[in-house]
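Undergrad: Dropping the structure in here first, questions after.
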Amino acid sequence: RMSSPHHMACLCIWLLALLAVGCDALSAGGVLPIGAVRAGAVTRVESYGCFVRLDDCGATGLVYMSELAPSDVVAVGQPVLVKVLAPREADKNSFSLKAVDQRTGAAVAPPPLQRTAKTTAKVTLDACTVKYIRASGAGGQNVNKLSTKAELRFDVDRSSLPPAVKIQLRATHKARLTKAGELIVVSEAHRSQRLNAADALKRLQGFVDAAAEAATPRATAPDRARRVKNLARSSERKRRDGKKKLSAKKASRRRPIG
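Read in order, the letters of the sequence shown are residues 31 to 288 in the numbering used here.
Right, here's the structure in full:
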């Protein structure tokens with residue numbers, strides 16, 4: 031219990047000292063709470079991002095280009111609000127500008143990446159050629175007398191599937207394709223022609239759905255598209271520089287004429 035103003039003053043001094051020790055620990059390389067929103071100022075701008083120094087504890091961290099919104103334009107000395115992220119490297123702080131509303135200071139949830147609607151088709155037995163042959167394995171006299179093994183042949187080229195799905199289906203199941211372009215699916219899990227045909231058709235539909243999923247293009251975030259474009263541009267520049275150096279090296283080996 032605080033019985034006098036002297037005790038209250040001692041408690042305030044102790045709390046201020048504790049806060050100062052905590053800030054010193056953060057500035058010396060301590061761990062910042064992930065998800066916290068802090069105020070700071072830009073100290074350096076690089077091609078891969080910018081460095082921000084926090085006002086409360088003096089800790090410095092990097093804001094990568096991927097954590098900058100397309101409309102963000104930063105300069106040295108500019109006050110900003112950042113969100114503390116999980117560090118990408120040990121003993122290095124990572125911040126985000128796009129995750130914080132610079133006017134209100136509220137956290138901004140990243141928009142979810144949406145995939146474009148996939149286009150696929152329902153495969154039926156009418157689109158397949160069904161053949162029943164003798165099954166193998168245990169089953170007594172039923173195996174030797176009845177043809178219960180179902181073999182489905184699906185013509186990929188003549189089907190109504192989209193062209194991208196056809197290409198993916200042929201590339202994924204090369205071993206199941208005949209020279210005529212028919213995809214063969216076999217089932218002998220049951221001792222009934224009807225059940226085996228239904229099982230083979232289910233497997234074939236699974237192949238088509240997986241091909242449609244793989245052929246569906248993914249929606250790309252703006253920052254990722256920007257990074258991919260910059261990497262492609264840098265790769266092309268390095269390729270041209272390498273060709274120029276090789277050409278100059280070969281030219282220096284030529285004997286002078288005359």
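Just so you know, even glycine gets a beta-carbon here, dropped at the ideal spot from N, CA and C.
To the nearest angstrom, how far is it from the Cα of D86 to the Cα of T134?
TA: Reading the sequence shown from its first residue, position 56 is the one you call residue 86. Reading the sequence shown from its first residue, position 104 is the one you call residue 134. Going from the Cα of D86 to the Cα of T134 covers about 18 Å.
Undergrad: Could you tell me which of S101, V106 and A89 sits nearest to K113, measuring between CA atoms?
TA: Stepping through the sequence shown from its first residue, residue 113 is reached at position 83. Residue nearest to K113 within the set S101, V106 and A89 is A89 (criterion: CA-CA distance).
Undergrad: Please state whether DSSP places R233 in a helix, a strand or coil.
TA: For the purposes of this step, residue 233 is taken as the residue at position 203 of the sequence shown. Of the three classes helix, strand and coil, the one that applies to R233 here is helix, per DSSP.
Undergrad: From this set, A205, K209, E212 and L62, which residue's C-alpha is nearest N123's C-alpha?
TA: Here residue 123 is taken as the residue at index 93 of the sequence shown, counted from 1. For the residues A205, K209, E212 and L62, the minimum Cα distance to N123 belongs to L62.
Undergrad: Beta strand (DSSP E) containing V11: first to last residue?
TA: Summary: the structure shown does not reach residue 11, with the chain confined to residues 31 through 288, and so no result is reported for it.
Undergrad: Can you list, in chain order, the residues of its chain with a C-beta nearer than 8 Å to that of L234? Leave out the 5 residues immediately preceding and following it.
TA: Against the sequence shown, residue 234 aligns to sequence position 204. Hits under 8 Å: V153, C158, L182, F184, L213 and V215.
Undergrad: Quick check: what's the CA-CA separation for R74 versus Q108?
TA: Position 44 of the sequence shown, counting from 1, holds the residue named residue 74. Position 78 of the sequence shown, counting from 1, holds the residue named residue 108. Each residue's Cα considered, the two are about 10 Å apart.
Undergrad: Going straight from the alpha carbon of A66 to that of V93, what length do you get?
TA: On the sequence shown, residue 66 is found 36 positions in, with the first residue counted as 1. On the sequence shown, residue 93 is found 63 positions in, with the first residue counted as 1. C-alpha separation (whole angstroms): 15 Å.
Undergrad: Pull up the CB-CB distance for A139 and Y162, whole angstroms please, since I reckon it's below 8 Å.
TA: For the purposes of this step, residue 139 is taken as the residue at position 109 of the sequence shown. For the purposes of this step, residue 162 is taken as the residue at position 132 of the sequence shown. No, A139 and Y162 are not in contact; Cβ-Cβ is about 56 Å, not under 8 Å.
Undergrad: Give the C-beta separation of E97 and A165 to the nearest angstrom, bearing in mind that I take them to be a contact with Cβ-Cβ under 8 Å.
TA: Here residue 97 refers to the residue found at position 67 when the sequence shown is read from its first residue. Here residue 165 refers to the residue found at position 135 when the sequence shown is read from its first residue. Not quite, the Cβ-Cβ distance comes to about 60 Å (not below 8 Å), so this is no contact.
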